[in-house]
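Here's the structure, in structure tokens; my notes come after.
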Amino acid sequence: MAIVAPSFLSANFLQLQEECDKINASEAEWYHLDVMDGSFVPNISFGIPVIAALRKATKKVLDVHLMIVEPEKYITAFADAGANVLTVHLEASVHLHRIIQQIKQHGMKAGVALNPHTSVSLLQDVIVDLDLVCLMSVNPGFGGQKFIERTYQKVRDLKAMIIDSGSHCLIEIDGGVTLGNAKKLTDAGADVLVAGNTVFASQDPLETIRLLRLA
Ligand code: DX5
Ligand code: ZN
0 MAIVAPSFLS
10 ANFLQLQEEC
20 DKINASEAEW
30 YHLDVMDGSF
40 VPNISFGIPV
50 IAALRKATKK
60 VLDVHLMIVE
70 PEKYITAFAD
80 AGANVLTVHL
90 EASVHLHRII
100 QQIKQHGMKA
110 GVALNPHTSV
120 SLLQDVIVDL
130 DLVCLMSVNP
140 GFGGQKFIER
150 TYQKVRDLKA
160 MIIDSGSHCL
170 IEIDGGVTLG
180 NAKKLTDAGA
190 DVLVAGNTVF
200 ASQDPLETIR
210 LLRLA
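Printed below as a string of structure tokens:
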């Protein structure tokens with residue numbers, strides 16, 4: 000059973016309450032919230048006030064994915080906004096170990112995201128400290144992109160590292176997840192499936208979420 004994390008980047012922002020009602024009624028356990036700064040990635044999405052508003056609309060886990068430079072500057076703000084999982088990019092974090100500790104000190108689960116070109120081997124020295132590793136299976140910045148096939152091998156390598164180290168960290172896949180690749184991802188070791196386009200552009204989002212969860 001996978002944890003399904005619908006990505007609100009693909010939601011209808013004019014009807015956010017209805018979108019929340021829909022996801023709240025579904026079997027998805029997490030909300031995936033993508034924060035982009037136009038610097039780390041070539042796009043700008045939404046930020047702290049929107050996340051604080053979504054906090055009031057759901058009891059589900061708010062899984063906040065920061066695609067921003069200098070994420071350490073905003074840890075307190077995202078904790079106050081109600082984030083439960085806070086994920087920073089390894090490529091944007093000069094002092095990653097310190098950032099992980101700070102996220103946990105603020106009462107949140109600590110996640111690290113890796114771009115498609117970044118080797119999972121770079122996590123060897125922090126894997127026991129992590130609650131989540133987010134493997135980007137597209138280049139971050141936009142929804143609706145094509146899944147990068149190399150990701151399966153990265154999931155297997157990361158799973159082996161987690162088992163070897165005794166870490167309890169979850170593996171999340173973000174980008175291009177569909178009903179066609181979900182099972183192959185969970186078979187490889189994925190625990191959390193982010194899905195933007197696949198859920199929000201679906202004719203029947205609740206059924207799509209149900210099927211992703213069974214993957
Ligand atoms: C991409 C974001 C993803 C995105 C996924 O930069 O991190 O969370 O919303 O969208 P889909 O599932 O449509 O590829
Ligand atoms: Zn994301």
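Residues in the sequence shown are numbered from 0 upward in steps of one, following numbering that gives the first Met the number 0. Here a beta-carbon is modelled for each residue, glycine too, at the ideal position from N, C-alpha and C.
Beta-carbon separation (whole angstroms), residue i vs residue j, contact threshold 8 Å
{"i": "Phe45", "j": "Val63", "result": "Not quite, the Cβ-Cβ distance comes to about 11 Å (not below 8 Å), so this is no contact."}
{"i": "Ala4", "j": "Leu192", "result": "7 Å"}
{"i": "Pro48", "j": "Gly140", "result": "In fact, because the Cβ distance is near 21 Å, the residues do not count as touching under 8 Å."}
{"i": "Leu65", "j": "Tyr30", "result": "Contact doesn't hold; Cβ gap of about 15 Å is too wide."}
{"i": "Pro200", "j": "Ser6", "result": "Here the sequence assigns Ala to residue 200, which means Pro is not the residue at that position. Contact doesn't hold; Cβ gap of about 11 Å is too wide."}
{"i": "Val119", "j": "Lys72", "result": "Actually they do not touch by this definition, with Cβ atoms about 26 Å apart."}
{"i": "Leu157", "j": "Met135", "result": "About 12 Å; that fails the 8 Å criterion."}
{"i": "Val132", "j": "Lys145", "result": "Not really, about 22 Å apart at Cβ, beyond 8 Å."}
{"i": "Ile67", "j": "Ala51", "result": "With 8 Å as the limit, Ile67 and Ala51 do not qualify as a contact, their Cβ atoms being about 17 Å apart."}
{"i": "Ala189", "j": "Ala1", "result": "7 Å"}
{"i": "Gln101", "j": "Ile74", "result": "5 Å"}
{"i": "Ala80", "j": "Arg54", "result": "6 Å"}
Endpoints, beta strand (DSSP E) assigned at residue i
{"i": "Ala112", "result": "108-113"}
{"i": "Ala4", "result": "2-5"}
{"i": "Leu213", "result": "Element bounds for Leu213: not the beta strand (DSSP E) but the alpha helix (DSSP H), 204-213."}
{"i": "Ala194", "result": "191-194"}
{"i": "Thr86", "result": "84-88"}
{"i": "Val68", "result": "It is not in any beta strand (DSSP E) - Val68 carries neither H nor E in the DSSP assignment."}
{"i": "Leu32", "result": "29-35"}
Enclosing alpha helix (DSSP H) for residue i [first to last residue]
{"i": "Thr75", "result": "74-80"}
{"i": "Pro48", "result": "47-56"}
{"i": "His96", "result": "95-104"}
{"i": "Glu18", "result": "15-23"}
{"i": "Ala10", "result": "First-last for Ala10: undefined, no H or E at that position."}
{"i": "Ala181", "result": "181-187"}
Which residues are close to the ligand ZN, meaning CB closer than 5 Å to any heavy atom, in chain order?
Asp33, His64, Asp173
Could you tell me which whole beta strand (DSSP E) segments of length 3 or greater appear in the region 107-168?
108-113, 131-135
Contact between the region 196-209 and the region 18-28: three or more CB pairs below 8 Å?
Result yes; three or more Cβ-Cβ pairs closer than 8 Å.
contact_flag[the region 97-108, the region 79-86] where n(CB pairs < 8 Å) is 3 or more
yes
On the three-pair Cβ rule with 8 Å, is the region 168-183 touching the region 10-17?
no
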